[in-house]
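First up is the structure itself, then whatever we jot down about it.
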Amino acid sequence: MTTREAAETATHSPQGSSHGSVLGWSLAVLLREWNTRVEDASRDLPQGVRGYQVLSAVVHEAPPTQAALAARLGIDRTVMTYLLDKFEGCDLLERKQDPSDRRARRIVPTEHGRRLLAEVDARVAKAEDELLSTLPPEDRRALLALLEHAATGAAPAGEDRCAAVARSAVLTREE
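First residue of the sequence shown? That's 1 in UniProt numbering, and the numbers climb one at a time after it.
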């Protein structure tokens, strides 16, 4: 299928009715399917996709404070406390006193948390590959690069990518 044929197919439902926005419709379909697949891939984590996002942020970045992690992911601080309690109870992470500020706690992954995230990361990568399996590998890479570029550019000036995600998550919950 050519890019033009794919675009024409994407603008119509199976019944042939036109959608007002190719971008909106395409993103909605992909996001819905991505969420379903990633929810299944992250089934071993507390809170599924949200838990995956929390553990991924803790493992792949410098140890955040609890407040910074909540702000970065757009999760209410009280809810974050309960989430982290569950993660600690599952031996996925621990709260450690910040040596430079006794009042602050750094969120640090455990070895078990790192291993489990590696397994979930592999399942998520497989799910994403399957989701985009109708595209040749070079088109997948191009699509992902373009989406990342567009998403980064969609944030207001000076807002980091994660703050944009947090803002959009709040807007989505309000709808």
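The beta carbon of each residue, even a glycine, is placed where N, CA and C say it ideally should be.
Exclusion of the five residues before and after A127 leaves W34, R37, V38, D40 and A41 as the residues of its chain whose Cβ lies within less than 8 Å of its Cβ. Between the C-alpha atoms of L23 and L144 there is a straight-line separation of about 14 Å. A residue is called buried once 16 or more other Cβ atoms fall within 10 Å of its Cβ, and R141, having fewer, is exposed. Taking all protein chains in view, the Cβ of A70 is crowded by 16 or more other Cβ atoms within 10 Å, so the residue is classified as buried. For E61, the three-state secondary structure derived from DSSP is coil. In the structure shown, D121 falls within a helical segment according to DSSP collapsed to helix, strand and coil. With contacts defined as CB atoms closer than 7 Å, Q53 and L83 fail to qualify as a contacting pair.
Of the candidates D85, V108, A67 and L45, V108 places its Cα closest to the Cα of H60. The Cβ atoms of L93 and V58 sit closer than 7 Å to each other. Membership of R95 in the beta strand (DSSP E) is indicated by the continuous run L93 to D98.
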